[in-house]
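Residue numbers (the numbering used here): 1 to 511. A quick write-up on the structure given underneath.
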């Protein structure tokens with residue numbers, strides 16, 4: 001694309017999730033071509049599961065034949081993406097908005113240009129296909145699942161049961177195309193376990209309960225490798241702990257001397273057999289057991305992808321310094337302006353216009369306002385961790401550097417013929433008393449965005465990306481004349497300045 005050529009390529013690349021906490025390896029097909037008479041190129045990236053799309057032979061008029069459409073039932077919660085289903089209408093907030101528009105359309109004579117046909121027909125198809133989802137929940141999932149849902153590529157999200165408290169958790173992701181869980185499930189072939197991300201350690205004073213675990217899986221049309229939807233469920237954290245204690249070969253009960261962890265592919269804690277770790281579900285594992293996470297990273301059980309945000313902003317209040325008063329020498333331009341009549345007349349006019357004896361003697365009392373937070377441009381660096389595709393299991397020993405203590409550990413990737421998931425099962429001896437949590441000299445376990453210091457990171461020594469200087473001028477026009485488009489300096493009449501000064505003084509005294 002940099003050289004302006006046309007072509008296509010297929011490659012395995014890293015795809016970062018919408019929340020910037022995870023990354024997956026996915027094969028993408030790229031198409032690119034140059035835009036004629038410009039220095040720009042247009043690129044298109046298509047995932048392997050989107051080589052095909054549905055083409056409808058029906059029209060919105062055919063929906064009438066299928067019965068009364070777009071009516072919410074009392075057996076499930078229905079959410080729709082905030083899209084424009086009506087070409088010249090507003091964004092739909094719920095299914096009732098679409099139903100109201102549908103009734104108006106029927107009365108108006110069924111104009112063919114009223115609807116966005118593809119969005120409307122896809123939504124109607126999704127409603128029909130997911131209509132009986134409540135029966136699946138009642139028959140199979142009641143014992144271990146709090147709620148189930150399905151999210152479709154057409155923007156529909158259906159949740160069962162109707163009294164579910166999970167509507168609020170999913171409602172912010174009504175736009176399935178932008179939902180992090182939706183994209184992650186599409187990019188991964190197995191089960192995706194996830195917990196609400198938390199940065200700070202929860203304390204005993206926190207009133208929020210332990211978060212539930214979300215499990216998602218993409219639905220695939222095998223013949224075309226097409227993924228039209230994602231199914232998911234919410235499971236209580238207590239159920240995961242119960243499985244750890246009863247259905248594992250090792251002793252991972254609550255009273256065990258072994259620490260057992262379930263981590264996701266981004267090194268975030270999903271579950272643990274230790275009660276003191278329950279409040280850290282969803283936290284980066286480098287903050288839960290730093291010594292063990294250092295070991296897993298150093299032996300490449302977890303690898304990471306770093307990215308830079310060159311348009312980030314940082315608060316000046318984070319690192320402010322004071323300095324002594326410096327003698328500043330005015331520039332030559334200012335010294336030159338002091339000798340001109342224009343400068344003195346403009347200063348005099350400004351001073352007189354802002355002088356008011358009444359406001360000077362009777363200044364109103366105002367409250368002191370807090371100074372707004374001032375930001376500066378900076379560069380931030382962030383990392384996403386992932387499990388290599390060729391990793392299966394490993395075991396080793398962690399040595400404590402300040403006390404005589406060792407911890408045996410074993411890590412197993414739960415991705416086999418029985419259970420294909422994004423989970424990592426880690427067993428390790430309990431922490432040693434008095435052992436330092438951090439290793440001196442090791443690479444920082446970067447996860448959250450952090451200010452990138454150019455000097456300390458040898459920024460100038462990094463290899464520059466390939467760039468090509470623009471040859472043609474894409475905004476050139478032969479009729480444009482440089483003499484007519486340059487800056488123009490018009491001198492100001494001294495008489496105008498004197499008259500303006502006199503008028504200003506008179507207005508001030510009269511007021």
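For each residue, glycine too, the CB sits at the ideal point set by N, CA and C. Only a predicted model underlies this, so the values are computations on that prediction, with no experimental measurement involved.
One thing to note: residue 182 has its Cβ no nearer than 9 Å to the Cβ of residue 189.
In the structure shown, the three-state DSSP call for residue 385 is strand. DSSP places residue 11 within a strand segment (E or B) once states are collapsed to three.
Residue 412 and residue 394 have their alpha carbons spaced roughly 7 Å apart. At a Cβ-Cβ threshold of 9 Å, residue 48 and residue 29 count as neighbours. The distance from the Cβ of residue 176 to that of residue 155 is about 6 Å, consistent with a contact at the 8 Å cut-off. Residue 425 carries a strand assignment under DSSP once its states are collapsed to helix, strand and coil.
Residue 44 sits away from residue 71, with the two beta carbons spaced by 9 Å or more.
Secondary structure at residue 297: helix, using DSSP grouped into helix, strand and coil.
Distance from the CA of residue 151 to the CA of residue 404, rounded to the nearest whole angstrom, comes to 53 Å. In the structure shown, residue 93 falls within a coil segment according to DSSP collapsed to helix, strand and coil. When the five nearest sequence neighbours on each side are left out, the beta carbons in the same chain lying within less than 7 Å of the beta carbon of residue 178 are those of 18, in order along the chain. Taking the Cβ atoms as the reference, residue 379 lies roughly 7 Å from residue 309, within the contact range of under 8 Å. Each residue's CA atom was taken as its position, placing residue 185 and residue 214 some 11 Å apart. When secondary structure is reduced to three states using DSSP, residue 50 falls in the helix class.
Using a 10 angstroms sphere on the CB of residue 447, the tally of other CB atoms reaches 16 or more, which defines it as buried. In the structure shown, residue 147 adopts extended strand secondary structure according to DSSP, grouped into three states. Separation of residue 145 and residue 235 (C-alpha to C-alpha, rounded to the nearest whole angstrom) is 5 Å. Sequence-distant partners of residue 10 (beyond 5 residues in either direction) whose C-beta falls short of 8 Å from its own C-beta, in its chain, are 27, 28, 29 and 30. When the five nearest sequence neighbours on each side are left out, the beta carbons in the same chain lying within less than 8 Å of the beta carbon of residue 171 are those of 79, in order along the chain. Per DSSP, the continuous beta strand (DSSP E) segment holding residue 396 begins and ends at 393–399.
The three-state reading of DSSP puts residue 133 in helix, counting H, G and I together. As computed with DSSP, residue 216 is found in a beta bridge with 192 and 232. Taking the Cβ atoms as the reference, residue 82 lies roughly 7 Å from residue 93, within the contact range of under 8 Å. Scanning its chain for C-beta atoms nearer than 6 Å, with the 5 sequence neighbours on each side dropped, one finds around residue 220 the residues 227, in chain order. In this structure residue 269 is not in contact with residue 253, their Cβ atoms being roughly 18 Å apart against a cut-off of 8 Å. Following the DSSP letters along the chain, one finds residue 26 inside the beta strand (DSSP E) bounded by residues 23–34. Residue 7 and residue 40 have their C-alpha atoms some 15 Å from each other. By the C-beta density criterion, residue 287 is buried, having at least 16 other C-beta atoms within 10 angstroms. In the structure shown, the three-state DSSP call for residue 157 is strand. If you check the CB distance, residue 263 and residue 423 come in under 9 Å. Counting only the Cα atoms, residue 231 lies some 6 Å from residue 218. Rounded to the nearest whole angstrom, the CA to CA distance from residue 123 to residue 1 is 36 Å. Looking from the CA of residue 305, the closest CA among 158, 86, 420 and 382 belongs to 382.
Rounded to whole angstroms, residue 12 and residue 75 show a C-alpha spacing of 42 Å. Closest in alpha carbon position to residue 164, among 147, 153, 25 and 180, is 147.
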